[in-house]
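First comes the structure, then the notes that go with it.
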Amino acid sequence: MPVPVDKRVKAIVLMYADALKNKDVPVKAVILFGSHAIGSHARGDSTPNTDIDVLVITERLDKKIRDTIKDEAHRISLKENVPVTALACDMQEFQSPSFQAEPLYREITRKGIIFHRETW
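Right under this line is the structure:
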């Protein structure tokens, strides 16, 4: 059963996804992972300093796109007064055997909450 996501966290992730879209980042998906995805809010053990961890999967990824992803995470962090930590990869990297062998990949695919472009 999916873990309910705190309404504020969901709003921030969607705001971030919209900001990336408006900056022409070729986003395939934004995946919430870490403590917010596994229910720290639902369990009542989150704190105001609990960061929002997201993986941004793009169609392609270059320095400009990577910088935009990080800059927008920083801007949203300041605006919403909550740390947003963004990791980025392109579809090719996300689907590569070496990435899929990483423990982080397993955590994201098992416990992450996917925000697809269609949900924006």
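According to the UniProt record's numbering, the residues represented by the sequence shown are 1 to 120, in order.
Think of the CB as a built atom: it goes at the ideal place given N, C-alpha and C, for glycine as much as any other residue.
Separation of Val9 and Ala29 (C-alpha to C-alpha, rounded to the nearest whole angstrom) is 16 Å. In the structure shown, Lys111 falls within a helical segment according to DSSP collapsed to helix, strand and coil. The Cβ atoms of Phe94 and Ile57 sit closer than 8 Å to each other. Remark: C-beta atoms of Pro26 and Glu59 approach each other more closely than 8 Å. Approximately 5 Å separates the beta-carbon atoms of Lys23 and Thr68; this is inside 8 Å, confirming the contact.
Looking only at Met91, Glu107, Ile52, the smallest Cα-Cα distance to Ile76 is reached by Ile52. Per the DSSP secondary-structure output, Leu32 pairs in a beta bridge with Val54, Ile113.
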